[in-house]
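The letter at position 178 of the sequence shown is residue 178 when you use the working numbering, and the numbering goes up by one with no holes.
The beta-carbon is built from N, C-alpha and C at its ideal position, and this holds for glycine as well.
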Amino acid sequence: MENGAVYRPTTEENSGPARGARGGLAACFNLSRLKLSRLVIKGLQLLLSLLAFICEEVVSQCTLCGGLYFFEFVSCSAFLLCLLMLLVYCTPIYDRVDAKKVKYSDFYITLGIGSVFLLASIIFVSTHDNTSAEIAATVFGFLASVMFLLDFGIMVYEKIKESQLRKPEAATRIETLTEPLNA
């Protein structure tokens, strides 16, 4: 029996890597779980917190170092937590955990990071020595804080919008329950 007799018209030949499912690292990433606007904001959070951390690390001298050390801790933590949340959203880890828990964690992590990053930036501005690296670090810190708080605001807006969509269903059920049975 020749190979031609084995293959039927419904069997397709393997045409190589150009067709079919994604392979390699590309198969592990899924960017469709977040809306494009939230994905861009998460990317900016990651980039700005990394830039704030790098600029802060360039600072060689400080007179009041407490603000610098606090800013260093917060910017590094913000970068790592943002990276963690992006990895959870964009990899198969998201499928293994409860989606509600991921969104709940993202909600409070984003609020916490945004608030503490803003506080750290304010403290660092009040204690820095006006070098260019310190000024750049605080600018990136404030911008990162704004991105985290903007992301939190978007999540709050989505929750309010989602709860308003559910309210009419609850209102119609209440009305039907209050009607007498023998009407």
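Contact under 9 angstroms by Cβ, residue i with residue j
i	j	result
Ile113	Val139	no
Phe142	Glu134	no
Phe152	Phe107	yes
DSSP-derived helix/strand/coil call for residue i
i	result
Asp151	helix
Lys35	coil
Ser49	helix
Ser60	coil
Phe140	helix
Backbone CA spacing between residue i and residue j [nearest angstrom]
i	j	result
Thr131	Glu158	41 angstroms
Leu149	Ser126	21 angstroms
Leu39	Asn182	54 angstroms
Val88	Tyr94	5 angstroms
Cys76	Lys167	41 angstroms
Cys62	Ile122	16 angstroms
Residue i, enclosing alpha helix (DSSP H) - first and last residue
i	result
Leu119	99-127
Ser77	65-90
Cβ neighbours of residue i in the same chain (closer than 7 angstroms, five flanking residues each side left out)
i	result
Leu47	none
Gly66	Thr127
Asn30	Cys90
Cβ-based neighbour list, residue i, same chain, cut-off 6 angstroms, excluding 5 preceding and 5 following
i	result
Leu71	Contrary to the premise, residue 71 reads as Phe rather than Leu in this sequence. Excluding residues within five positions, the ones whose Cβ falls inside 6 angstroms are Glu56, Ala120, Phe124.
Leu51	Phe140
8 angstroms Cβ shell around residue i - same chain, five flanking residues per side excluded
i	result
Ile41	Met147, Leu150, Asp151, Ile154
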